[in-house]
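A.B. asks:
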Amino acid sequence: MKRKLLNNLFAAVIISCATSAFSETPHWDHGEQATWWSLQDTSQTPPLSFPFAECGVGQHQSPVDLASAKIDQTQVNPMEILYSIDTPDFFNTGHAVQVNTSTHYTGKLKIGEESFPLTQFHFHEPSEHVVGATTFPAELHYVHVKSDGRLAVLAVAINVGEENATFQTILDNTPPDSGGKKQNSGLQIDPAALLPKLEQPIKYYTLAGSLTTPPCSEGVQWYILPQVITISDAQLTQLKSFYTNNNRLPQNINGRSILTAQ
Ligand SMILES: [Zn+2]
């Protein structure tokens, strides 16, 4: 008995040593977003012990109040949204309801001659981008990552109205537990089914920003559609049953302009 206890203790020590030898992402949540920058990875020495410092010192942070920005009406690159049907994974990230595209997926966002493959899309409740006093009930982020590591996020505001059948499939297949992933379900999702009706050429607003969750990395180009989509009241309630208030508050615009052709 004593030996068993000793063995267990020994195992516990080995496990804790093994984990402390690697960098550990600090736990974070939306409720403490004002202090994300100060969260520490105690396995590292400064400055590496503050992996989320950019959330505090960054000057091009997202989201923003779109009404606080100077709007530059100019020539912008044409946008093409080339999403196709996929059999994705349904992922509860611990912070949001998310859909991860499959490895062979070819859907992409094209800006001018540049292509940004769609890697995942997820939802915030309520919206992260606001327009003056207006906050939307929710916001959809399509995240695209180019082979050189650059990110482009396409954002769509969500209002309450008609229900969206594709959104229902996503809600019904997202695991309830943090970190849960539903893989190989064979379920087909068309990411384009969550887009608003778009005119050609597609109108959009664009600005430089960051990830809206730790580590708040900058160098993210944001593309925001002026049209909203709708989900039903019941669907909004179901979304909230996963995560509510998983929105970062608007960050200082710091002189950034929003470019648009409108
Ligand atoms: Zn997001």
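Going letter by letter, the sequence shown gives residues -23 to -1, 1 to 239 in mature numbering (1 follows the signal peptide of the UniProt record, and there is no 0). Cβ coordinates follow ideal geometry from the N, Cα and C atoms, glycine included.
What is the DSSP secondary structure of residue 37, counted as helix, strand or coil?
C.D. replies: Coil at residue 37, not helix or strand.
A.B. asks: Classify residue 51 as buried or exposed, calling it buried when 16 or more other Cβ atoms lie within 10 Å of its own Cβ.
C.D. replies: Residue 51 is exposed by the Cβ-count criterion.
A.B. asks: Just the C-alpha distance for residue 71 and residue 99, rounded to the nearest angstrom, thanks.
C.D. replies: Using only the alpha carbons, I get a separation of about 12 Å.
A.B. asks: So, helix, strand or coil for residue 239, using DSSP?
C.D. replies: Reduced to three states, the DSSP call for residue 239 is coil.
A.B. asks: What residue does the alpha helix (DSSP H) around residue 150 start on, and which one ends it?
C.D. replies: Looking at the DSSP string, the run of the alpha helix (DSSP H) that includes residue 150 is 142 to 150.
A.B. asks: Compute the minimum distance between the beta carbon of residue 122 and the heavy atoms of ligand 1, and state whether it is under 8 Å.
C.D. replies: Every heavy atom of ligand 1 is 8 Å or more from the Cβ of residue 122, so no.
A.B. asks: Let's test the definition: count the other Cβ atoms within 10 Å of the Cβ of residue 225 and tell me whether it reaches 16, buried, or not, exposed.
C.D. replies: By the neighbour-count rule (16 or more Cβ atoms within 10 Å), residue 225 is buried.
A.B. asks: Is the segment 56 to 70 in contact with the segment 81 to 92, if contact means three or more CB pairs nearer than 8 Å?
C.D. replies: The segment 56 to 70, when compared against the segment 81 to 92, does touch it at the 8 Å Cβ threshold.
A.B. asks: Is DSSP giving residue 196 helix, strand or coil here?
C.D. replies: Reduced to three states, the DSSP call for residue 196 is strand.
A.B. asks: Would you call residue 186 buried or exposed, if buried means 16 or more other Cβ atoms sit within 10 Å of its Cβ?
C.D. replies: Residue 186 is buried by the Cβ-count criterion.
A.B. asks: Taking 8 Å as the cut-off, is the CB of residue 130 close to at least one heavy atom of ligand 1?
C.D. replies: Yes, the Cβ of residue 130 comes within 8 Å of a heavy atom of ligand 1.
A.B. asks: Mind the definition here: the segment 27 to 38 touches the segment 128 to 147 only if three or more C-beta pairs lie below 8 Å; say whether that holds.
C.D. replies: The segment 27 to 38 is not in contact with the segment 128 to 147.
A.B. asks: Are the segment 89 to 108 and the segment 34 to 45 touching by the rule of at least three beta carbon pairs closer than 8 Å?
C.D. replies: Segments in contact, yes.
A.B. asks: Output the distance between the C-alpha atoms of residue 90 and residue 190, rounded to the nearest integer angstrom.
C.D. replies: Near 29 Å, if we compare the C-alpha coordinates of residue 190 and residue 90.
A.B. asks: For the alpha helix (DSSP H) containing residue 240, name the first residue and the last one.
C.D. replies: Residue 240 lies beyond the residue range present for the chain, which begins at -23 and ends at 239; the question has no answer from this structure.
A.B. asks: What's the call for residue 78, buried or exposed, on a 16-neighbour Cβ count within 10 Å?
C.D. replies: Answer is buried; the Cβ neighbour count reaches 16.
A.B. asks: Under 8 Å, with one C-beta from each stretch per pair, do the segment 213 to 229 and the segment 167 to 184 reach the 3-pair mark?
C.D. replies: No: fewer than three Cβ pairs fall under 8 Å.
A.B. asks: For residue 116, write down the residues that DSSP places opposite it in a beta bridge.
C.D. replies: Answer is 101, 134.
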